[in-house]
Amino acid sequence: MNISLMIMIAVVIFCMYTAIKAGKGKNDKLEEWALGGRGMGAIITFFLLAGEFFTAFTLTGLVGLAYNSGIATLYIMSYISIACIIGYFLLPKIRHYSKEHNLISQGDFFEKKYNSPFLGKLITIVGAIAIIPTIVMALKGMGLIVSVASYGAISSSAAIWFGSIIVLIYTLISGLHGSSRVAIIKDILMFGVLLFLGLYFPFHYYDGVGSMVKEVAEVKPQVLIFPDTGLSLVWYVSTVILMCLGLYLWPNSFLSTFAAKNDKALRKNTILMPLYSLMQLFACLVGLTAILAIPTLSGAESDLALIKLVFETFDPWFVGFIGAAGVLASLVPCSVALITIGSMIASNIYMPLKPDTSVRKQMNIARLFAIAAAIISIYTSLNSHGAIVFLQLISYNFIMQLFPALIFSLQKKNFVTKQGAISGIVIGVSLALYSAATGTTAATLFPNLPSFILDINNGLNMLIINAIVTVVVSLVTQKSTEESQSLESGII
């Protein structure tokens with residue numbers, strides 16, 4: 010067994026012990042297992058939400074994106090920083106409402122806001138479908154990192170199996186208590202690794218960041234400017250707008266928000282998160298370094314830019330810490346995602362069918378659904394080829410369709426009806442599904458339009474259509490809804 014693999018195993022065992030210890034004796038009901046008893050303070054809430062945004066993708070896909078596309082990669086830092094402004098006002102409202110009505114899942118939130126059990130089930134299904142691809146990508150990223158960092162001692166498939174079993178064990182036992190503690194370890198390790206590598210590599214291979222950028226500009230200047238079409242400035246702005254609106258729409262973000270102890274914890278989180286997102290800048294610097302240091306990477310190979318640079322520069326023991334960071338960066342979001350899927354299906358689909366279920370059984374049912382989600386994710390990770398690309402395409406666009414219904418629900422006088430919310434979401438999800446399946450975009454439908462229109466992110470177009478449908482249907486059905494509510498009040 011090589012030193013790199015031994016370090017990865019040691020870190021994982023330590024984190025597993027920490028997680029199980031954190032949840033010991035605390036998970037006697039669903040609210041405790043899924044939300045940590047709604048007692049997560051500012052620090053833990055920060056690392057929980059950060060854990061959802063900074064995954065193995067930061068070490069692989071983000072570095073590869075910087076290697077291939079350069080400056081366009083900065084959209085990630087931009088949208089997180091802007092989204093935090095929205096989150097500062099949005100998250101406390103969500104938390105306060107969830108605590109007031111004792112809500113467990115995202116589906117509960119929408120069901121209560123619009124008095125529609127069907128909407129709650131729809132939100133649950135859309136959320137589960139959107140989350141599964143994120144688990145799959147985390148597992149595939151972990152498999153890739155472990156396989157390479159172990160110098161081939163563990164295959165990618167074996168790493169996926171081992172990682173899945175580990176995350177499932179500590180998730181089922183410790184719930185969100187365990188996930189939150191591992192999130193702290195993961196983020197400290199990841200931030201330290203990226204900060205060091207992002208600064209070290211430019212000075213090691215060049216004479217600093219400035220010299221590196223100058224040499225890249227001479228050899229591959231296209232990665233430092235926005236092209237006129239494609240990943241243009243229009244694409245950049247529209248993508249930042251789309252992504253910042255959707256950052257906190259994920260069901261696992263709702264779960265972490267519900268778990269917060271108070272509004273102050275959430276506001277502190279949104280204040281600090283833009284600073285924390287600088288982690289991604291250092292990942293981008295690694296990608297730019299690799300452009301000249303390893304110029305032969307192409308396609309999916311670019312995702313290995315960071316690990317290949319580490320191989321060429323450091324001893325195996327340091328590679329082990331990189332591998333450990335990659336493993337934890339996959340385990341934490343997988344854990345929170347499994348808790349989210351299990352709790353929202355149990356709460357919004359199972360419980361309405363079996364309302365007399367005991368408190369203990371509710372938690373065990375949620376665990377069973379978490380196991381089912383893990384099995385589906387493992388199978389997809391090991392057997393997906395083109396299918397995962399399809400799932401990736403619809404994942405974020407699915408979640409984005411919840412935005413109009415959420416924003417309108419937080420207004421003091423919400424004119425949007427449950428029919429309008431459901432119609433908007435169904436139309437938006439249908440468009441996302443059709444676009445992903447057929448490759449249809451505004452550019453394919455109207456190829457002769459100016460590039461500044463065609464380069465608008467297709468997801469933003471879907472969201473606009475969703476919002477229009479939501480408003481129009483609500484205006485049409487508002488009168489009948491008010492009459493129905495009046496009738497119900499009269500009967501009562």
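Residues in the sequence shown are numbered consecutively from 10, following the numbering used here. Beta carbons are placed, not taken as given, at the ideal position from N, Cα and C, and that holds for glycine.
Rounded to whole angstroms, what's the CA-CA distance from residue i to residue j? Just pull it up for me.
| i | j | result |
| --- | --- | --- |
| Gly-433 | Trp-170 | 39 Å |
| Ala-299 | Leu-315 | 8 Å |
| Ile-501 | Ser-125 | In this prediction, Ile-501 scores a pLDDT of 49, lower than 50, which makes its location untrustworthy; no coordinate-derived value is stated. |
| Ala-226 | Phe-235 | 13 Å |
| Leu-496 | Tyr-443 | Confidence is the limiting factor: at Leu-496 the pLDDT is only 49, short of 50, which leaves the residue's position unreliable, though a coordinate-based value still follows. Going by the C-alpha atoms only, they are around 40 Å apart. |
| Lys-223 | Tyr-160 | 34 Å |
| Ala-381 | Gly-351 | 9 Å |
| Arg-47 | Tyr-26 | 23 Å |
| Ala-334 | Ser-286 | 17 Å |
| Gly-34 | Ser-189 | 16 Å |
| Ser-418 | Tyr-123 | 8 Å |
| Leu-208 | Phe-455 | 45 Å |
| Ile-91 | Leu-83 | 13 Å |
| Val-478 | Leu-469 | 14 Å |
| Ser-498 | Arg-104 | Legend: pLDDT at Ser-498 = 49, less than 50; position of this residue unreliable, value from coordinates given subsequently. The alpha-carbon atoms of Ser-498 and Arg-104 are separated by roughly 29 Å. |
| Asn-77 | Val-295 | 12 Å |
| Met-86 | Tyr-359 | 39 Å |
| Gly-65 | Asp-196 | The identity of residue 65 in the sequence shown is Ala, whereas the question assumes Gly. Answer to the nearest angstrom: the Cα atoms are 11 Å apart. |
| Glu-310 | Leu-440 | 32 Å |
| Ile-22 | Ala-158 | 17 Å |
| Ala-269 | Met-49 | 5 Å |
| Val-480 | Ala-147 | 37 Å |
Which residue wins for smallest C-alpha separation from residue i, given the options the options?
| i | options | result |
| --- | --- | --- |
| Val-425 | Lys-488, Tyr-388, Ile-462 | Lys-488 |
| Asp-312 | Gly-73, Ile-53, Ser-483, Thr-54 | Gly-73 |
| Phe-407 | Leu-297, Leu-258, Phe-378 | Leu-258 |
| Ala-75 | Leu-290, Trp-326, Pro-456, Met-471 | Leu-290 |
| Ala-51 | Ser-286, Ser-265, Ile-387 | Ser-265 |
| Phe-378 | Ser-390, Val-368, Ala-346 | Ala-346 |
| Ile-431 | Gly-129, Leu-204, Pro-304, Phe-327 | Gly-129 |
| Phe-55 | Lys-422, Glu-310, Ile-138, Gly-96 | Gly-96 |
| Val-336 | Leu-240, Met-151, Val-228 | Met-151 |
| Asn-278 | Pro-101, Lys-30, Asn-467, Ala-292 | Pro-101 |
| Ile-462 | Leu-240, Val-480, Ala-382 | Leu-240 |
| Tyr-245 | Leu-472, Tyr-26, Pro-304, Ile-465 | Ile-465 |
| Ala-331 | Gly-201, Cys-24, Ile-387 | For the sequence presented, residue 331 should be read as Ile rather than Ala. Considering only alpha carbons, the answer is Gly-201. |
| Leu-58 | Met-282, Phe-412, Leu-153 | Met-282 |
| Asn-261 | Ile-138, Leu-306, Ala-162 | Ile-138 |
| Ile-194 | Lys-229, Asn-373, Phe-63 | Phe-63 |
| Leu-254 | Val-295, Leu-99, Ala-309, Thr-349 | Leu-99 |
| Ser-390 | Ser-483, Gly-172, Thr-450 | Gly-172 |
| Phe-412 | Leu-204, Pro-304, Gly-79, Ile-474 | Ile-474 |
| Gly-136 | Phe-263, Cys-24, Leu-284, Val-228 | Phe-263 |
| Ala-452 | Ala-43, Thr-238, Glu-109, Ser-183 | Thr-238 |
| Phe-119 | Lys-427, Ile-154, Val-435 | Lys-427 |
| Ile-12 | Ile-374, Phe-127, Ser-247, Phe-323 | Phe-323 |
| Val-438 | Met-471, Thr-450, Asn-467 | Met-471 |
Count the other CB atoms, across all protein chains shown, that sit within 10 Å of the CB of residue i; report buried if there are 16 or more and exposed otherwise.
| i | result |
| --- | --- |
| Leu-458 | exposed |
| Gly-219 | exposed |
| Gly-217 | exposed |
| Gln-410 | buried |
| Asn-19 | The question names Asn, but residue 19 is Ala in the sequence shown. Exposed is the call here. |
| Lys-149 | buried |
| Ala-168 | buried |
| Lys-273 | exposed |
| Ala-28 | buried |
| Ala-81 | buried |
| Leu-256 | buried |
| Leu-14 | buried |
| Gly-308 | exposed |
| Asp-37 | exposed |
| Glu-40 | buried |
| Asn-392 | exposed |
| Trp-524 | This structure leaves residue 524 out entirely; the chain is present only between 10 and 501. |
| Gln-371 | buried |
| Ser-166 | exposed |
| Gly-448 | exposed |
| Leu-415 | buried |
| Phe-127 | exposed |
I think residue i touches residue j, with their Cβ atoms under 8 Å apart; what is that distance to the nearest whole Å?
| i | j | result |
| --- | --- | --- |
| Ala-355 | Tyr-214 | That pair is no contact at about 51 Å. |
| Lys-121 | Leu-112 | 6 Å |
| Gly-45 | Leu-275 | Gly-45 to Leu-275, Cβ: 14 Å. No contact. |
| Met-199 | Thr-67 | 7 Å |
| Asn-357 | Gly-116 | 4 Å |
Do three or more CB pairs link the stretch 163-176 to the stretch 330-342 at distances below 8 Å?
Segment contact: the stretch 163-176 against the stretch 330-342, three or more CB-CB distances shorter than 8 Å; contact assigned.
Under 8 Å: do the stretch 362-376 and the stretch 136-150 share three or more Cβ pairs, one atom per stretch?
They do not touch, by the three-pair rule.
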